[in-house]
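Student: In this note's numbering, each residue carries its 1-based index in the sequence shown increased by 10.
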Amino acid sequence: MKKYTLITFILLVTITTLQAATKATPQNLPSLPEVSREFLSAYFPAAQISHVKVERILFWKRNYDVILTDGTNIEFDRKGEWKEIERYRTPVPSTLIPGKITDYVQTHFSEQMIVFIERERFGYEIELENDIELLFDFKGNFIRMD
11 MKKYTLITFI LLVTITTLQA ATKATPQNLP SLPEVSREFL SAYFPAAQIS HVKVERILFW
71 KRNYDVILTD GTNIEFDRKG EWKEIERYRT PVPSTLIPGK ITDYVQTHFS EQMIVFIERE
131 RFGYEIELEN DIELLFDFKG NFIRMD
């Protein structure tokens with residue numbers, strides 16, 4: 011019985027510690043890495059920044075979540091590279107989307123715009139304004155539709 015109590019206590023302490031280590035704190039623009047600031051000025055020059063959240067995960071991993079006043083949400087990794095871009099009723103800038111993906115969407119979904127793009131381990135996930143999700147590899151080859 012003492013073993014189960016000890017194991018339960020250790021699990022509770024571990025879970026509490028992990029949850030406390032994963033938190034988002036609001037920050038200002040200077041807290042972003044230089045790469046992220048350059049990205050924002052290059053691709054969203056007219057946009058105003060509403061706020062920046064720094065997400066710390068287990069003390070060392072850090073993500074940045076930038077929300078613009080037009081509703082755009084951009085997530086950056088710890089190095090400052092973009093991971094995910096989500097727009098509201100506005101397309102993701104076409105210069106950020108690989109050419110083969112743009113061509114595929116124009117061919118098969120010509121009336122739809124890309125409102126979400128995410129770089130993942132296997133490639134890209136995009137979402138069209140009608141909520142169709144498409145998966146592509148890093149070369150821009152279509153994998154499947156979700």
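Just so it is clear, CB atoms sit at the ideal spot from N, CA and C, and this is done for glycine as well. Keep in mind it's a predicted model, so treat the numbers as computed, not measured.
Just to confirm the assignment: which complete beta strand (DSSP E) runs, minimum length 3, are found wholly within the stretch 48-72?
Tutor: Counting only runs of 3 or more, we get 59-67.
Student: Do three or more CB pairs link the stretch 135-143 to the stretch 71-90 at distances below 8 Å?
Tutor: No contact exists between the stretch 135-143 and the stretch 71-90.
Student: With the cut-off set at 7 Å, would you say residue 62 and residue 97 are in Cβ contact?
Tutor: Their beta carbons are not under 7 Å apart, which means residue 62 does not touch residue 97 by this criterion.
Student: Run through the stretch 91-129 for me and flag every whole beta strand (DSSP E) of 3 or more residues, listed as ranges in chain order.
Tutor: The stretch 91-129 contains these whole beta strand (DSSP E) runs: 92-96 and 124-129.
Student: Ordered along the chain, which non-local residues of its own chain (more than five positions away) have a Cβ less than 6 Å from that of residue 108?
Tutor: Around residue 108: 150.
Student: Taking the alpha-carbon of residue 122 as reference, which of 129, 73 and 112 has the nearest alpha-carbon?
Tutor: Of 129, 73 and 112, the residue nearest in Cα terms is 112.
Student: If we count the other Cβ atoms within 10 Å of its Cβ and call it buried at 16 or more, is residue 32 buried or exposed?
Tutor: Because residue 32 carries a pLDDT of 42, less than 50, the predicted location of this residue cannot be relied on, and no value is offered for it.
Student: Near residue 110, which residues of its chain fall below 6 Å by C-beta distance, leaving aside the five closest residues on each side in sequence?
Tutor: Excluding residues within five positions, the ones whose Cβ falls inside 6 Å are 150.
Student: Beta-carbon of residue 91 versus every beta-carbon of chain C: anything under 7 Å?
Tutor: Among the protein chains of the structure shown there is no chain C, as only one such chain exists.
Student: Hey, quick one: how far does the beta strand (DSSP E) through residue 147 stretch, first residue to last?
Tutor: Residues 143-147.
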